[in-house]
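Residue numbers (this note's numbering): 1247 to 1648.
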């Protein structure tokens, strides 16, 4: 039979100078300690009665919390005894921690990152790493699941807004926290009652992205700039134009292209994000770009564009890091090109995708073939439409941008 006792754990001092209030669970003369999620200063603790002293300003609240924690733990022990199954103190402690939400949030996120990295899902791992860094910076590395309340999320959101972070970026972090909670519940790490997103609504955040597109005449201006072919600017412009002439192709997919993806004057590749196979007829401007790189990059195993190399980027992580670096350089170069071309819109790699979609729409291409925007909020719907058409239909649509 296990016993429980409440005490102030003076062996540990928290950042606020207080000690955590613990439940001590004893079985066969061995003990385990579990925090109830509250702390107290030693001068405000009644050591004789193991409770907050009469001087404590929140004595009534703490008394209620402690009493409820003891009742919950006693029920748990009784349930385990009734099942007549062997259980250890570690089992009891873990069950109490799940009930209290007193597991460390940051270590759990680190576990998610580790699993994703082992599965070679580097992009997804980066998402959770971003969240870990953000939460650690905002609230420290000792954050518990029980700390993530509606009030906490509102403060976290307000902190983003005060630092001029856009609402679609805030939504990104909140959706990732929600995903962590869903995983933890599914893993049995926390109870469903700990879930804060029934009350905190991510949907209230404005995630509408300003449409970024340039007209066909601006594409012509860019093509006529006469950039030095040995410069980085020339490569950056080619990445942009190649994306535009191939359905607004994602930069990561461009970086990963090899000459084996060119088959019978068609671009055949699997999109990294969705795994879908694309088969696109190469338009003359795209062929011209390929002809240039064929002279210096051409090999059956070589990448088409001078972004990655098989000798230097052998792992998924090294490729991911390299692509991230080159995207930054390319966007910087595109900003320079925007000024040289005297465009009203500042170019980024994503503008090619928006421009492709917008020009198709302006040319009368049916929305059942391509939607007006190919951003994340509509990409899934767009793909459903695209899946139902033959390559020849999409080829004709692409020709309209010439």
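The beta carbon of each residue, even a glycine, is placed where N, CA and C say it ideally should be.
| Asked | Found |
| --- | --- |
| May I have the straight-line CA-CA distance separating residue 1587 from residue 1469, to the nearest angstrom? | 10 Å |
| Does DSSP put residue 1407 in a helix, a strand or coil? | helix |
| Please name the residue or residues paired with residue 1251 in a DSSP beta bridge. | 1270 |
| Alpha carbon to alpha carbon, how far is residue 1418 from residue 1471? Give it in angstroms, no decimals. | 37 Å |
| I believe residue 1462 touches residue 1605 by the beta-carbon criterion, under 8 Å. Please report the beta-carbon distance rounded to the nearest angstrom. | 6 Å |
| For residue 1523, count the other beta carbons within 10 Å of its own beta carbon; 16 or more makes it buried, fewer makes it exposed. Which is it? | exposed |
| Could you check what DSSP says for residue 1433 in three-state terms: helix, strand or coil? | coil |
| Could you tell me which uninterrupted beta strand (DSSP E) segments, each at least 3 residues in length, are contained entirely in the region 1256-1330, listed from first to last along the chain? | 1265-1273 and 1276-1286 |
| When the Cα of residue 1251 is compared with those of 1265, 1285, 1295 and 1258, which residue comes out closest? | 1295 |
| With a threshold of 16 other CB atoms inside 10 Å of the CB of residue 1619, please say whether the residue is buried or exposed. | In this prediction, residue 1619 has a pLDDT of 33, which is less than 50 and means its spatial position is unreliable; what the coordinates show is noted afterwards. Per the 10 Å Cβ criterion, buried. |
| How many angstroms separate the CA atom of residue 1365 from the CA atom of residue 1265? | 40 Å |
| By the DSSP assignment, the alpha helix (DSSP H) with residue 1524 in it spans what residues? | No alpha helix (DSSP H) holds residue 1524; the beta strand (DSSP E) holding it covers 1523-1527. |
| Provide the residue(s) that pair with residue 1514 in DSSP beta bridges, ordered along the chain. | 1525 |
| Mind checking residue 1592: buried by the 16 CB within 10 Å criterion, or exposed? | exposed |
| Can you find the residues in the same chain that come closer than 8 Å, C-beta to C-beta, to residue 1596, ignoring five residues on each side of it along the sequence? | 1458 |
| Span of the alpha helix (DSSP H) holding residue 1378? | 1368-1385 |
| Between which two residues does the alpha helix (DSSP H) containing residue 1649 stretch? | With the chain running from 1247 to 1648 in the structure shown, residue 1649 is simply not present. |
| Rounded to whole angstroms, what's the CA-CA distance from residue 1491 to residue 1560? Just pull it up for me. | 29 Å |
| Under a Cβ-count criterion, where at least 16 other Cβ atoms within 10 Å of its own Cβ denotes burial, should residue 1259 be classed as buried or exposed? | exposed |
| Counting only C-beta atoms, is residue 1486 closer than 8 Å to chain C at any point? | No chain C is present in this structure, which holds just one protein chain. |
| Do you know offhand how far residue 1502's Cα is from residue 1360's? | 24 Å |
| With DSSP as the reference, identify every bridge partner of residue 1504, one or two as the case may be. | 1549 |
| Output the distance between the C-alpha atoms of residue 1298 and residue 1269, rounded to the nearest integer angstrom. | 14 Å |
| When you compare only the Cα positions, how much space is there between residue 1368 and residue 1564? | 10 Å |
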